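To start, the structure itself, in structure tokens.
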Amino acid sequence: MPNIKKLIKELPKAELHIHLEGSLEPELMFELANKNNIQLPFLNIDELLKAYDFNKLQDFLNVYYTGMSVLIEEEDFFDLTMMYLQKCNEQNVKHVEIFFDPQGHTKRGVKFSKVITGINRALKEGGIQFGISYKTIMCFLRHLSESDAFDTLNEAKDYLHMIDGVGLDSSEVGNPPSKFQKVFSEAKQMGLKLVAHAGEEGPPSYVEEALSILKVDRLDHGNRSMESEQLINRLRSEQIALTICPLSNLKLCVVDDLASHPIKKMLKQGLLVTVNSDDPSYFGGYLIENFNAIQESLNLSEDEIVTLIKNSFIGSFLTTKEKNKCIKEIDTYLDETQGQ
Ligand SMILES: [Zn+2]
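This is the structure we're talking about:
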């Protein structure tokens, strides 16, 4: 194995932008559909995979909501979460901050309690089994109203010990961050961390809104920040972490090809960028595949890879002490393997 591939595989990594429902593999989707008597609009896995030919975010979201409709019982959420953690274990991902979309389930009549307890039970069990630490981020679907988001936040009040932050996802254009100003402010008062998807398809002004109006602690995607010198300066001086998702960007045509992906420029500009898989089952790869693809396409150096991996811990919601411990493990690995 070339050195850089080995480095990517063996270094302990963190993932900060992963939608749990986007890790639903086709096999599990059909298995759960059978078990729960859900009629999918695809006859078999081949037909499903043909629907994974996306031109934009909304094409994907349509398939994503159809896919998650097979999740009914607490056990289903447990199994899905456990499968993702197994994948993390195989890829040496040691810390995860997982998004979930409760409204995608409660709108179908699945109780919030089933969703959160299934996920939390797997995180606890799998976390111990595999030695993976975790945070849970509850996302609001931005195509729904702010009042809907408030209903979800209220439902979450009995489960705050299982939730670390709130996020904002789903159809970006036409649903600016400012639409959710009040609910984000309330979540902050409840002690939750704040993140939001912005600047994936939406304009730089959405990134500005996420920072100034929602007051996010971290930004998801943020690719289009690069169109604004002012935003670049702000992201650099405040060291706001950006969760970049290379294969997602490619699949959803946010970039024409990975060779024109902005992540290398972002690194050179001193931005705190990280690599993530977004919806790995739908976009063709988990964390390592994302690292390998972007490394090859942009010819990223070992130093750049190490920076990206360290950034994934620095940009996480771990404590400073925990972050330092993870960075030290990376440095120890590098010291021990140097010259090999
Ligand atoms: Zn995402």
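To convert, take the position in the sequence shown, counting from 1, and add 1476; that gives this note's numbering.
Glycine included, every Cβ here is placed at the ideal spot set by N, Cα and C.
These numbers were taken from a predicted model, which means no experiment stands behind them.
Can you tell which of the options has the C-alpha that lies nearest to the C-alpha of residue i?
{"i": "Asp-1640", "options": "Val-1572, Ala-1674, Gln-1745, Gly-1746", "result": "Val-1572"}
{"i": "Phe-1793", "options": "His-1493, Lys-1485, Ile-1480", "result": "His-1493"}
{"i": "Asp-1824", "options": "Ala-1632, Ile-1739, Ser-1545, Ile-1720", "result": "Shown here, the chain extends from 1477 to 1816; a query on residue 1824 therefore has no answer."}
{"i": "Leu-1617", "options": "His-1673, Val-1546, Glu-1685", "result": "His-1673"}
{"i": "Asp-1732", "options": "Leu-1743, Gln-1715, Ser-1773, Leu-1747", "result": "Ser-1773"}
{"i": "Tyr-1762", "options": "Ile-1480, Ser-1499, Asn-1479", "result": "Ser-1499"}
{"i": "Gly-1791", "options": "Ile-1781, Phe-1576, Lys-1691, Val-1749", "result": "Val-1749"}
{"i": "Asp-1627", "options": "Lys-1587, Thr-1593, Ile-1604, Glu-1648", "result": "Lys-1587"}
{"i": "Val-1659", "options": "Ser-1736, Gly-1746, Ser-1621", "result": "Ser-1621"}
{"i": "Pro-1578", "options": "Val-1569, His-1495, Tyr-1682", "result": "His-1495"}
{"i": "Ile-1613", "options": "Ile-1574, Ile-1592, His-1581", "result": "Ile-1574"}
{"i": "Asn-1531", "options": "Gly-1594, Ser-1724, Lys-1691", "result": "Ser-1724"}
{"i": "Phe-1656", "options": "Glu-1778, Tyr-1682, Asp-1634, Met-1638", "result": "Tyr-1682"}
{"i": "Glu-1481", "options": "Gln-1814, Lys-1799, Lys-1801, Ile-1781", "result": "The sequence given here places Lys at residue 1481; Glu does not occur at that position. Cα-wise, what sits closest to Lys-1481 is Ile-1781."}
{"i": "Leu-1743", "options": "Gln-1814, Asp-1779, Pro-1756, Phe-1759", "result": "Asp-1779"}
{"i": "Met-1544", "options": "Lys-1526, Ile-1514, Ala-1527, Ile-1764", "result": "Ile-1514"}
{"i": "Leu-1533", "options": "Glu-1507, Gln-1562, Asn-1800, Tyr-1758", "result": "Tyr-1758"}
{"i": "Glu-1549", "options": "Lys-1583, Asn-1512, Pro-1502, Val-1569", "result": "Asn-1512"}
{"i": "Met-1638", "options": "Ile-1739, Ile-1521, Ala-1490, Leu-1599", "result": "Leu-1599"}
{"i": "Gly-1819", "options": "Lys-1485, Glu-1491, Glu-1501", "result": "Beyond the ends of the chain as shown, which are 1477 and 1816, falls residue 1819; an answer cannot be given."}
Taking residue i and residue j to be in contact with their CB atoms under 8 Å, please state how far apart those CB atoms are, rounded to whole angstroms.
{"i": "Leu-1487", "j": "Ile-1785", "result": "5 Å"}
{"i": "Ala-1717", "j": "Asn-1630", "result": "Contact flag wrong, Cβ pair sits at about 29 Å."}
{"i": "Asn-1698", "j": "Gly-1675", "result": "The identity of residue 1698 in the sequence shown is Gly, whereas the question assumes Asn. Indeed they touch by this definition, with Cβ atoms about 5 Å apart."}
{"i": "Gly-1602", "j": "Met-1558", "result": "5 Å"}
{"i": "Ala-1663", "j": "Val-1642", "result": "4 Å"}
{"i": "Arg-1710", "j": "Leu-1687", "result": "7 Å"}
{"i": "Leu-1504", "j": "Leu-1537", "result": "Not confirmed; about 20 Å, so no contact."}
{"i": "Leu-1747", "j": "Leu-1734", "result": "18 Å between Cβ atoms; not a contact."}
{"i": "Gly-1594", "j": "Tyr-1541", "result": "Wrong, their Cβ atoms sit about 19 Å apart, outside the cutoff."}
{"i": "Pro-1680", "j": "Ser-1704", "result": "4 Å"}
{"i": "Ile-1689", "j": "Pro-1653", "result": "6 Å"}
{"i": "Val-1692", "j": "Leu-1707", "result": "That pair is no contact at about 13 Å."}
{"i": "Val-1591", "j": "Phe-1576", "result": "7 Å"}
Tell me whether residue i is buried or exposed, calling it buried when 16 or more other Cβ atoms sit within 10 Å of its Cβ.
{"i": "Asn-1651", "result": "buried"}
{"i": "Cys-1615", "result": "buried"}
{"i": "Cys-1729", "result": "exposed"}
{"i": "Gly-1667", "result": "exposed"}
{"i": "Ser-1736", "result": "exposed"}
{"i": "Lys-1741", "result": "exposed"}
{"i": "Pro-1825", "result": "No statement about residue 1825 is possible, as the shown extent of the chain runs from 1477 to 1816 and does not include it."}
{"i": "Glu-1566", "result": "exposed"}
{"i": "Ile-1604", "result": "exposed"}
{"i": "Ser-1589", "result": "exposed"}
{"i": "Asn-1479", "result": "exposed"}
{"i": "Asp-1529", "result": "exposed"}
{"i": "Asp-1645", "result": "buried"}
{"i": "Asn-1766", "result": "buried"}
{"i": "Asp-1811", "result": "exposed"}
{"i": "Asp-1696", "result": "buried"}
{"i": "Leu-1776", "result": "buried"}
{"i": "Ser-1623", "result": "exposed"}
Report task. Tell me the start and end of each unbroken beta strand (DSSP E) in the region 1568-1627 that is at least 3 residues and wholly inside, in chain order. Result -> If you keep only unbroken beta strand (DSSP E) runs of at least 3 residues inside the region 1568-1627, you get 1569-1576, 1609-1617.
Requested in this report: Mind listing which residues have their beta carbon within less than 6 Å of any non-hydrogen atom of ligand 1? Chain order is fine.
Outcome: Those residues are His-1493, His-1495, Asp-1645, His-1673, Asp-1696, Asp-1754, given in chain order.
Report task. Enumerate, from N- to C-terminal direction, the unbroken alpha helix (DSSP H) stretches of 4 or more residues contained entirely within the region 1641-1676. Result -> Counting only unbroken stretches of 4 or more residues, the alpha helix (DSSP H) elements lying wholly within the region 1641-1676 are 1657-1665, in sequence order.
Requested in this report: Let me know the alpha helix (DSSP H) ranges lying completely inside the region 1702-1756, each 4 residues or longer, listed in chain order.
Outcome: Within the region 1702-1756, the complete alpha helix (DSSP H) runs of at least 4 residues fall at 1705-1714, 1722-1727, 1739-1744.
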